[in-house]
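**Q** Note that the numbering used here gives residue 789 to position 57 of the sequence shown, counting from 1, and the numbers run on in steps of one.
Take this structure first; my questions come after.
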Amino acid sequence: GYVDIETVRAGEAKKFPIPGVSVIFPGAGSLGLDAAVLIAGNPDMLILKIGLDTCLHVHTHEICASSVPGLNTVLPWYILGGTYSFGNICGHDSNGTAVTAII
């Protein structure tokens, strides 16, 4: 089995703090490195990007470098990315009839 830590759906971009990669400022907050995940598209053309961003956490507020004008052209820095097609998993035969796929 697997453990579902977080859900990211197509059309969403989420950030996840990377444990142990942050600097804590007592009484003020912390500055850390976050994993940035972007999923877009649909099963026929799914775009997946995984990268890094840096975020400042102050009490209940979060400011990420990717939301700062000028830095948003550089961050998040996507390290991995690709376009994937899963449209043929439940494909159609030449008559347009649904074909069952066992996964």
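For glycine and all other residues, C-beta sits at the position ideal for the given N, C-alpha and C.
Bear in mind the structure is a predicted one, so any value in this text is a computation, not a measurement.
Could you give the C-beta distance for Lys781 and Leu812, rounded to a whole number, given that I count them as a contact under 8 Å?
**A** Their Cβ separation, rounded to whole angstroms, is 7 Å, which keeps Lys781 and Leu812 in contact under 8 Å.
**Q** Is the beta carbon of Gly743 closer than 8 Å to that of Val790?
**A** Val790 is not a Cβ neighbour of Gly743, given a cutoff of 8 Å.
**Q** Beta strand (DSSP E) containing Glu794: first to last residue?
**A** His793 to Cys796
**Q** Who are the near neighbours of Val740 in its chain, counting only those whose CB is closer than 8 Å to its CB and skipping five residues on each side?
**A** The residues are Lys746, Val769 and Ile771.
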